[in-house]
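A.B. asks: Positions in the sequence shown are counted from 1; adding 12 to them yields my numbering.
I'd like to ask you about the structure that follows.
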Amino acid sequence: MLNSNLLRKLDMQDLMVFVAVYEQSSVTDVSEALFVSQSTVSYCLKKLRTSFEDELFINTRTGMRPTYKADGMYSHVQKILESINLCHAGPPVFDPTAQAVTFNICAPEYFEQLILPRMLKRFDFDDLPVMVNMHKFETDVPADELRDGSLDLVICFGPHFHRQHADLKSRMLLEDDLVCVFDKRATPLEPRLSLKAFTERRHVFPTPWMSTTNMVDGWLARQAQKRQIVARSNSYSAALKMITGTDFILTLPRRIQRLLTNDAVFNHCEAPNGLPGFTLDMQWSRNADQDSANLWLREQVIKTCSELEAA
Numbered sequence: 013m014l015n016s017n018l019l020r021k022l023d024m025q026d027l028m029v030f031v032a033v034y035e036q037s038s039v040t041d042v043s044e045a046l047f048v049s050q051s052t053v054s055y056c057l058k059k060l061r062t063s064f065e066d067e068l069f070i071n072t073r074t075g076m077r078p079t080y081k082a083d084g085m086y087s088h089v090q091k092i093l094e095s096i097n098l099c100h101a102g103p104p105v106f107d108p109t110a111q112a113v114t115f116n117i118c119a120p121e122y123f124e125q126l127i128l129p130r131m132l133k134r135f136d137f138d139d140l141p142v143m144v145n146m147h148k149f150e151t152d153v154p155a156d157e158l159r160d161g162s163l164d165l166v167i168c169f170g171p172h173f174h175r176q177h178a179d180l181k182s183r184m185l186l187e188d189d190l191v192c193v194f195d196k197r198a199t200p201l202e203p204r205l206s207l208k209a210f211t212e213r214r215h216v217f218p219t220p221w222m223s224t225t226n227m228v229d230g231w232l233a234r235q236a237q238k239r240q241i242v243a244r245s246n247s248y249s250a251a252l253k254m255i256t257g258t259d260f261i262l263t264l265p266r267r268i269q270r271l272l273t274n275d276a277v278f279n280h281c282e283a284p285n286g287l288p289g290f291t292l293d294m295q296w297s298r299n300a301d302q303d304s305a306n307l308w309l310r311e312q313v314i315k316t317c318s319e320l321e322a323a
């Protein structure tokens, strides 16, 4: 709020005239520098004097001499004009070509296999000095690390696999579903597994994050069913090696199956009816929402996922 109603009558031109007269000491020079008439400069000075209740500048033989109050006002008025310019310009725009930058992303293997390689190839093609540090996804969304800036982004599965945090922002990136993968010599005849056939097979389970629950076993429990897991692997690639030469079954995201399986070795069929799909989601801190570097990184992730959806 303003201390006086008189100040409400001032505008930016008045403040520009104040600074110009202070610096140049000449109404004539000021009118030429600001491309306004001398009468306009005089009018602005009259408004300034009325608003600040001070003469501000005294006309002398050597030019306009500032009063004690004008001397005290000068730096403050300068800052006002600088602040207005900053408001007009907006926050600095992130330029990935300007200097090396490192981003920290926490994500499951799905992101590292499917999305990150495409992003890195684009960065390399554009000759961008961008480095990405990947952090392993643990039990839940590392909200504190997003809040304190240790992490720039978290990529996780959804919907409703993890506890929601009201102060985090999120966006769905893409959708996927699950398929059943086998060694080619142990592929069932039917194009879609029945629930009975699915539970009778022994399973290898790739753990996308450290958790006692997962989308497959959660769904089976709701059907009053369970499966026999013979091994848990840390990666999709390791899980594929584990089923080679066996009759084990591996349930994989369809996009990962297309990316990693060799048709000469593996085959697949549709999962039992009712087994739900999932989403890949992106979360970030509200504090970073308007940060231009974070915004640029989110745009790269979204662009890559859009390319995958269109492929």
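For every residue, glycine included, the Cβ atom is placed at its ideal position computed from N, Cα and C.
(1) Consult DSSP for His-88 and reduce its assignment to one of helix, strand or coil.
(2) Please give me, in chain order, every unbroken run of the beta strand (DSSP E) with length at least 3 that falls completely inside the region 36-124.
(3) Report the CB separation of Gln-36 from Leu-158 in whole angstroms; it is logged as a contact under 8 Å.
(4) With which residues is Phe-290 paired in a DSSP beta bridge?
(5) Out of Arg-134, Lys-181 and Asn-285, which has the shortest C-alpha to C-alpha gap to Leu-205?
(6) Which residue marks the beginning of the alpha helix (DSSP H) containing Asn-306, and which one marks its end?
(7) Just curious, the alpha helix (DSSP H) that Lys-148 is in, first and last residue?
(8) On the CB-based measure, 16 or more other CB atoms within 10 Å of its CB, does Tyr-248 come out buried or exposed?
(9) In terms of residue numbering, what span does the alpha helix (DSSP H) encompassing Gln-269 cover?
(10) What's the C-alpha gap between Asp-259 and Leu-271?
(11) Give the secondary structure of Asn-324 by DSSP, where H, G and I count as helix, E and B as strand, and everything else as coil.
(12) For Ala-198, report the span of its beta strand (DSSP E) as first-last.
(13) Can you confirm whether the region 159-166 touches the region 291-311 when touching is taken to mean that 3 or more C-beta pairs between the two stretches lie within less than 8 Å?
(14) Hey, could you find the ends of the alpha helix (DSSP H) Arg-134 is sitting in?
(15) Go through its chain and collect everything with a Cβ distance to Asp-301's Cβ below 7 Å, but skip five positions before and after it.
(16) For Val-216 versus Leu-262, is the C-beta distance shorter than 8 Å?
(17) I'd like to check one pair, Leu-128 with Val-142: are the Cβ atoms closer than 8 Å?
(18) By the three-class DSSP mapping on this structure, what secondary structure does Ala-243 have?
(19) Can you tell me whether DSSP reads Lys-238 as helix, strand or coil?
(20) Mapping the DSSP letters down to three states, classify Ser-249 as helix, strand or coil.
(21) Spatial neighbours of Val-105 within its chain, please: C-beta separation below 8 Å, excluding the five flanking residues on both sides.
(22) Return the residue from the list Gln-25, Thr-72 and Arg-20 that minimises the CA-CA distance to Ser-38.
(23) Suppose the cutoff is 7 Å on Cβ atoms and the five residues either side in sequence are ignored; what does the same chain contact list for Gln-269 look like?
(24) Gln-295 by DSSP, collapsed to three states: which one?
(25) By Cβ distance below 8 Å, which residues in the same chain neighbour Asp-66 in space, the five residues on each side in sequence not counted?
C.D. replies: Looking at the coordinates:
(1) His-88 carries a helical assignment under DSSP once its states are collapsed to helix, strand and coil.
(2) Segments of the beta strand (DSSP E) lying fully in the region 36-124: 69-72, 75-78 and 113-119.
(3) With 8 Å as the limit, Gln-36 and Leu-158 do not qualify as a contact, their Cβ atoms being about 51 Å apart.
(4) Asp-188.
(5) Ranking the options by Cα distance to Leu-205, first place goes to Asn-285.
(6) Taken as a continuous stretch (DSSP letters only), the alpha helix (DSSP H) holding Asn-306 covers 304-322.
(7) Taken as a continuous stretch (DSSP letters only), Lys-148 belongs to no alpha helix (DSSP H), being part of the beta strand (DSSP E) at 142-148.
(8) Counting Cβ neighbours within 10 Å, Tyr-248 comes out buried, since at least 16 surround it.
(9) Unbroken alpha helix (DSSP H) run through Gln-269: 266-272.
(10) Spanning the two alpha carbons is a distance of roughly 22 Å.
(11) Because the chain is modelled from 13 through 323, residue 324 falls outside the range shown and cannot be assessed.
(12) Note, Ala-198: premise wrong, no beta strand (DSSP E); not H, not E.
(13) Taking a cut-off of 8 Å for Cβ pairs, the region 291-311 and the region 159-166 touch, as three or more such pairs fall below it.
(14) Per DSSP, Arg-134 belongs to the alpha helix (DSSP H) from 128-137.
(15) So the qualifying residues of the chain are Lys-181.
(16) Yes, the pair counts as a contact, with Cβ atoms nearer than the cut-off.
(17) No, Cβ-Cβ distance for Val-142 and Leu-128 is not below 8 Å.
(18) Here Ala-243 carries a strand assignment [DSSP, helix/strand/coil].
(19) In the displayed model, Lys-238 falls within coil according to three-state DSSP, outside both helix and strand.
(20) Helix at Ser-249.
(21) These residues qualify, in order along the chain: Ser-304.
(22) Checking every option, the nearest Cα to that of Ser-38 belongs to Thr-72.
(23) For Gln-269, where only same-chain residues beyond five positions count, the Cβ hits under 7 Å are Val-191, Val-193 and His-280.
(24) If DSSP states are grouped into helix, strand and coil, Gln-295 belongs with the strands.
(25) For Asp-66, where only same-chain residues beyond five positions count, the Cβ hits under 8 Å are Thr-79, Lys-81 and Ala-82.
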